[in-house]
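Enquirer: Would you mind keeping the following structure in view while I ask a few things?
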Amino acid sequence: MSVNGLLLMAASTPSPIPSDKVPDASKVSPGLPGFIMIFLLAVAVILLATSMNRRIRRVKLRGEQMEASERAADENEPDDGDTDNRSDAGPDDGRHP
C-alpha cells in the first residue's frame, strides 16, 4: 500500500457527529436492578463496618486484660532478691509444650 492510499483511507473515515436528540430516560437510567444493587452494596458495607468495630473492641479489651493481669502478676510476685529475669525466655502465652 502506498502513502497516498493510507492518506486517502484516513481522510475518508467519518468522524462522529454530535446528535441533538436526547435519549429516553427510561432507556438510560439504571432502574430497579441498579437500585437493588446499590442497596445491597450499602447493606454489605454497613455489616462489614459493624463486624470490624466489634473485632477491634474485642482485641482492645483483650489487650487491656492482658496488661492488667501482667501488672497484677508483677505486683504479687515475691521480691526475694533474685535478679534472674525471664524476659529472655520468650513470651508466656499460657500454653505449655
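Residue numbers for the sequence shown follow UniProt numbering, so the first one is 1 and each next one is one higher. Where a beta carbon is used, it is the ideal one built from N, C-alpha and C, also for glycine.
Span of the alpha helix (DSSP H) holding residue 100?
Expert: This structure leaves residue 100 out entirely; the chain is present only between 1 and 97.
Enquirer: Return helix, strand or coil for S26, following the three-state DSSP convention.
Expert: Correct three-state label for S26: helix.
Enquirer: Mapping the DSSP letters down to three states, classify E77 as helix, strand or coil.
Expert: Residue state, collapsed to three classes: coil.
Enquirer: How many angstroms separate the CA atom of S72 from the CA atom of M66?
Expert: As written in the sequence, residue 72 is Ala, which differs from the Ser given in the question. If I take the Cα positions, the gap works out to 10 Å.
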